[in-house]
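What follows is a set of notes on a single structure, which appears directly below.
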Amino acid sequence: MPKLNLFSVGGLVLTICCLAVIAVNLIFGRKKVNYIWSLFNLSVAIWGFGAFMVGISGIQQQPWFWWKINHIGVIWMPVFVLHTAYLLTTKVNKKIVIFGYVQAVCFQIVELLPTTLFFENMRVVFSSFYYVTLGYLYTPFFILWVLLVAYAHICIFQEFIVSTGMKRLSLLYFLIGSGLGFSGGFTNFLIGYKIDIPPYGNFTIPIYCILVTYAIIKYRLMDVRVAISRAAAFLLAYPFLLGIPFFFAYRMYPVLFPMLGDKWWLIHTCLMAFFATLSPLAFNQLKHRMEDTLLADQRRYQKLLLEAASGMVNERNLNHLAKLIVYIIRKVVKIKFAAIFLDDAEHQVYRLKAIRNGGSNDFEIKFFYTHPLVKFLKTSEKPIAYEELPQNIRNSLHIPIKFDVAVPSFVDNNLLGFVFLGEKLNSHPYTHDDLMVFKTLSHQAALAINYCLFLETFKNAQEKIFTADKQGLIGGMADGVAHQIRNRLNQFSISGGELQGEVEDFIAKNPELIAQNPSLKQNLEDYLKIALSIIANVQHTANTVNGMLNFAQKLEDKESGFSDFHIGEIGTYALNMLKIKHQISEIPLELDLGKDDTVYGIQPQIMESLYNLIDNAYEATDEKIRYRLKDEEKKNYKPQIKLKVNQNETYTLVAISDNGAGIKEQDRSKLFAPFFTTKSSYKSGTGIGIYTVKRIIEEVHSGKIWFESEYLKGTTFYIKLPKRGAKL
Amino acid sequence: MKTILIVDDEGEMVESLKRFIERKAAANVLTAQNPKEAVKVYQENKPIAAFIDLHLGDASGVDVLKDIKQMDPAVKVYLFTGDQSFADKNSPESLGAVGYIIKPVVPQQLIAIIEEL
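Heads up: the protein sequence lines correspond to chains A and B, in order. The first sequence begins at 1 in the numbering used here and counts up by one. The second sequence begins at 1 in the numbering used here and counts up by one.
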């Protein structure tokens, strides 16, 4: 019958635990450190299993074999822990690692040989199992063992001091775990040196293995305070509470048995049920209480951030928004700096838009689209800690600020920008929870940024037309293209002339031939007609081009400020343009200019406005014919557009009316809104829109614009412009 | 028979004009496609008139006009242009030309001008 004692139970727990850790390491980690750490755990497991076997062997026979086995583990432990430290930090000297391996091999050979250099003899300890007494070689081995372990931990501690963020947290786990594990494991040596303290310490070793595994595998670590408080809550809630019934049964048996006889177990079974129900509740309560206290600050700012994020979408100015974002983040999270980079599509870069660092910020930073960091953020699509970035990206960052976390913002898979967060003022690392909050925040920010970008793009597009920019669409086209068109037309014209000349010459030189042959005469006359038709059409086309160019030149006439001009003339230019646009020879526009059609304003802008209003009127009649009238009604319908001018001393009133489709009641309020259109998509985008007309008339000319409309009957737009020196 | 010079940077157009004018106007037509060639042809042949396009690729027809005028102030020069507004703003006399011929040219008008030379 094997005896379970402290030593064997500790060994068994250790073995199971370490084998589990090895499995986890190999499943979740693929790096070298995972393999070395697995080897360390294997050595601990070997020791644990050996100890278990020693423990259960009891005192009948001396377990030489199992002592030899368990010390295989002991010999290799310091080597693997040193190697792990070598891989985790930059502080460990490679030569010492190699030395560690060499000495381990030597000791291993000696240990396995049947000598008394390592183990001299055995003695019974705690009256329950055999423990070895030590040979001459054991003490030097033990000293080296301690030195190697100490060296590994000193190196980790040095690295811990200079590192930040996740790395720091990870090393902290390692140090806490090691402190527990090695101090626990150390107690075994004491028995070897005949200081008989029961090896309770063995139970701390699994904690060590688990903690370090967590630190190695998990990139984003829980705050170590949280981890410990959870463990404490667990210990308090489960083993303690559930231990009460056992303790009760053990201590009260002498009292209960006489009272209840063989039904005595009912009492502690009831207690058991009670505490089993209570434990999970207690655990949750404890956990929350502890974490609320520990993380009060973090919870507070996470809540604040999310509140602030929902307010961001109300901001319409991109610069303000960028400043607002970095201000809020720095203030609320309490960090050294926050910086935001936004997409500058024109230059293919992400540009530093705003930074808040409590100091000077007069530097410019930009990341090209091709920068490794940009590429990385685009593919990872989530907040990332500096330490988690691949080495090559970290090396590519030549910037004057050092960030701890980079948070990208996406809308529809487009990287709109990213935020850099500096170290927290209290030096606490960023936690997984933090990063989750940043992710939500970044999504909100992305929406807000996108909205601003959208408004800005729209504004720019409108301004371009609004100010009739020299680089505007029509003007830009006209200059270059018109010259080309005219040269081609010239070629047509000359060729037409040539053809005409050839035919005329032929007729002049061969009068008899032609007189004899009537069909030839007919043919030649046809050729002449064709030649003349070519020449005439060329001239007609040239006129069209001139009309277009006039329009464009009027539009881009930047010199022109306010002047008095005839609106009838301007209306005609606009009309010619519209004929070209709709490819028709006649637009049914009727001009009623009254006695005087002078208006005071900026000529190109008024022309743009008229162009748009007449265009809308024409399309309203066109729509009516196409969609609103029945076939028999079409015969009697005659499209009409009127431009009527009325004057008095203070203003000119221009009315543009049509008998087209009219505007539906529900569309009327939206008519002056940006982007509003009822036109089908192929036509939309050709004009500047009623919105811009309204701005031209009201903002630039201090005039008024309004309309009256009846659905299916027609629409009239009114433009009221103050005369020179007058006010409306 | 009178000799005239036509300067335009488009070869095909120059050839068409040459064929057309020689047939209809009983004139000898010389051609050039860039300022350098124009000056050379002018020097060698001394035509009575030159028809020069305002746009000669990167060069300006006005410069050719000035070069030719320097050699022979009496030469008659007409300028081809498609730019009506340029023609409106700059009188041909101010540039030293007799007149503009607006592109696309009307063939009959061109013949009439040449016959009056």
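For every residue, glycine included, the Cβ atom is placed at its ideal position computed from N, Cα and C.
Query raised in the report: Along the stretch 12-34 of chain B, what residues have a CB closer than 7 Å to any CB found in chain A?
Result: GLU12, MET13, SER16, LEU17, ARG19, PHE20, ARG23, LYS24
Query raised in the report: Listed in chain order, which residues of the stretch 100-113 of chain B have Cβ atoms closer than 9 Å to some Cβ of chain A?
Result: ILE102, LYS103, PRO104, VAL105, VAL106, PRO107, GLN108, LEU110, ILE111
Query - Distance between A:ASP404 and A:LYS378 (C-alpha atoms, nearest Å) - result: 18 Å
Query raised in the report: Across which residues does DSSP place A:ALA237 in a beta bridge pair?
Result: Looking at the DSSP assignment, A:ALA237 forms no beta bridge with any residue, so it has no partner.
Query - Inter-residue Cα distance where the pair is A:VAL33 and A:ILE109 - result: Straight across, the Cα-Cα distance linking A:VAL33 with A:ILE109 is about 26 Å.
Report task. Give the range of the alpha helix (DSSP H) segment to which A:SER57 is assigned. Result -> Taken as a continuous stretch (DSSP letters only), the alpha helix (DSSP H) holding A:SER57 covers 32-57.
Query - Near-chain A residues of the stretch 73-84 of chain B - C-beta to any C-beta below 7 Å - result: GLY82, GLN84
Requested in this report: Output, in chain order, the set of chain B residues within a Cβ distance shorter than 8 Å of A:ARG626.
Outcome: Here the premise fails: no neighbours, minimum Cβ distance about 36 Å.
Report task. For the stretch 42-58 of chain B, enumerate the residues whose C-beta is nearer than 7 Å to any C-beta of chain A, in chain order. Result -> HIS55
Requested in this report: Name the residue from A:ASP262, A:PRO254, A:PHE257, A:THR269 whose alpha carbon lies nearest to the alpha carbon of A:LEU242.
Outcome: It is A:THR269 whose Cα lies nearest to the Cα of A:LEU242.
Query raised in the report: Where do the ends of the beta strand (DSSP E) carrying A:PHE403 lie?
Result: DSSP places A:PHE403 in no beta strand (DSSP E); its state is neither H nor E.
Requested in this report: Would you decide whether A:LYS727 is buried or exposed? Buried here means 16 or more other CB atoms lie within 10 Å of its CB.
Outcome: Under this definition A:LYS727 is an exposed residue.
**Report entry** Minimum Cβ-Cβ distance from B:GLU10 to chain A less than 9 Å
**Finding:** With 9 Å as the cut-off, B:GLU10 counts as an interface residue toward chain A.
Query raised in the report: Would you report the Cα separation of A:SER427 and A:ALA296, rounded to the nearest angstrom?
Result: A direct Cα-to-Cα measurement between A:SER427 and A:ALA296 gives close to 16 Å.
Query raised in the report: Using the C-alpha atoms, what's the distance from A:LYS529 back to A:PHE506?
Result: 15 Å
Query raised in the report: Across which residues does DSSP place B:VAL14 in a beta bridge pair?
Result: For B:VAL14, which the question treats as bridged, DSSP gives no partner whatsoever.
Query raised in the report: Based on Cα-Cα distance, which residue from B:ILE4, B:ARG23, B:ILE52 lies nearest to B:GLU121?
Result: No information on residue 121 of chain B is available, as it lies outside the stretch 1 to 117 that chain B covers here.
Query raised in the report: Thinking C-alpha only, which one of A:VAL81, A:SER163, A:GLN60, A:LEU137 is nearest A:TYR131?
Result: Checking every option, the nearest Cα to that of A:TYR131 belongs to A:GLN60.
Query raised in the report: What in chain B is Cβ-close to A:ALA482, meaning under 9 Å?
Result: GLY82, ASP83
Query raised in the report: Around the C-beta of A:HIS83, are 16 or more other C-beta atoms found within 10 angstroms, so that it is buried, or is it exposed?
Result: A:HIS83 is buried by the Cβ-count criterion.
Query raised in the report: A:PHE492 versus chain B: which residues are under 8 Å apart at the beta carbon?
Result: Neighbours of A:PHE492 on chain B, chain order: PRO104.
Query raised in the report: So the beta strand (DSSP E) A:LYS353 belongs to, where does it begin and stop?
Result: 349-356
Query raised in the report: Who are the near neighbours of A:PHE762 in its chain, counting only those whose CB is closer than 7 Å to its CB and skipping five residues on each side?
Result: Since the first residue of chain A shown is 1 and the last is 728, residue 762 of chain A is not available in this structure.
Query raised in the report: Taking Cβ positions only, does A:ILE535 come closer than 9 Å to chain B?
Result: yes
**Report entry** Enclosing beta strand (DSSP E) for B:MET1 [first to last residue]
**Finding:** That residue, B:MET1, is in no beta strand (DSSP E); it is neither H nor E in DSSP.
Query raised in the report: So which residues of chain B does A:GLY497 contact, with C-beta pairs closer than 7 Å?
Result: PHE20, PRO107
Query raised in the report: Excluding five sequence neighbours on each side, which residues of the same chain lie with their C-beta closer than 6 Å to the C-beta of A:VAL599?
Result: A distance below 6 Å between beta-carbons, with the five flanking residues on each side excluded, links A:VAL599 to the following residues of its chain, in chain order: ILE567, THR652, LEU721.
Query - Min CB distance A:LEU416 to chain B below 9 Å - result: no
Query raised in the report: Shortest alpha-carbon distance to A:GLY571 belongs to which of A:ILE584, A:PHE562, A:PRO588, A:GLY561?
Result: A:PRO588
Query raised in the report: Taking 9 Å as the CB-CB limit, is A:GLN603 close to chain B?
Result: no
Query raised in the report: Going along chain B, which residues have a C-beta under 9 Å from A:MET489?
Result: Sequence inspection shows Leu at residue 489 of chain A; the Met mentioned does not correspond to that position. Result: GLY82, LYS103, PRO104.
Query raised in the report: So which of A:THR89, A:PHE7, A:MET77, A:TRP706 has the shortest CA-CA distance to A:GLU387?
Result: A:THR89
Query raised in the report: CB A:ALA51 to CB A:ASN25, shorter than 9 Å?
Result: no
Requested in this report: Can you have a look at A:CYS155 and say buried or exposed, based on whether 16 or more other CB atoms are within 10 angstroms of its CB?
Outcome: buried
Query raised in the report: Buried or exposed: A:PRO280, going by 16 or more other Cβ atoms within 10 Å of its Cβ?
Result: exposed
Query raised in the report: Is any beta-carbon of chain B found at less than 9 Å from that of A:LEU528?
Result: Judged by the 9 Å Cβ criterion, A:LEU528 is not in contact with chain B.
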